[in-house]
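A.B. asks: In case it helps, my numbering puts the first sequence at residues 934 to 1038.
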Amino acid sequence: MTALPDFRQGVLEAVARVPAGTVATYGQIAWMTGYPRRSRQVGMVLKGLPEGTELPWHRIVNAKGYVSSRGRWWCAMLQIRLLREEGIEVDDDGQLDLARHQWPG
DNA sequence: TGATTGACGTTAT
DNA sequence: AATAACGCCAATC
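(1) Buried or exposed for methionine 977, please, with buried defined as at least 16 other CB atoms from any protein chain shown within 10 angstroms of its CB.
(2) DSSP beta-bridge partners for alanine 957?
(3) Pull up the CB-CB distance for leucine 988 and valine 948, whole angstroms please, since I reckon it's below 8 Å.
(4) Can you tell which of Arg1003, Gln1028 and Arg1005 has its C-alpha closest to the C-alpha of leucine 1016?
(5) What are the boundary residues of the alpha helix (DSSP H) that includes leucine 982?
(6) Just tell me which of Ala1009, Asp1030 and Gln961 has its CA closest to the CA of lysine 980.
(7) What number of angstroms, rounded off, separates the C-alpha of histidine 1034 from the C-alpha of tryptophan 990?
(8) Exposed or buried, glutamine 961, counting other C-beta atoms within 10 Å across all chains shown (16 or more means buried)?
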């Protein structure tokens, strides 16, 4: 319904392809989708996801390897928890080692 | 209809 | 090295 449903769909597919135990950046997802510089839009799509989604949105962090849900404390906490469950070391502030966990893609 | 904002990233200073 | 500015564009005001 909103514009660019194909872009949104592409984002969902790309996120779904990220293997468990690894993380990807917004820019990486945007690149995979075919729109290299729409990292911001990727974030918008993830923001609009329903709670019960099966999509591994928690594996998406910003380029600094840092959880970008700062205002949404509930989402951030959930994301950190999910990442830890996959064996990824995440700081209480939502920071992790990109060089160690980033998906090569 | 126009201006501002924002789960980002890169380039320039 | 740290900070500022720009690009991007849908959603919101």
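Every residue gets a Cβ at the ideal spot worked out from N, C-alpha and C, and that includes glycine.
C.D. replies: Once the coordinates are examined:
(1) exposed
(2) Ile993
(3) 6 Å
(4) Gln1028
(5) Run containing leucine 982: none; DSSP gives neither H nor E here.
(6) Ala1009
(7) 15 Å
(8) buried
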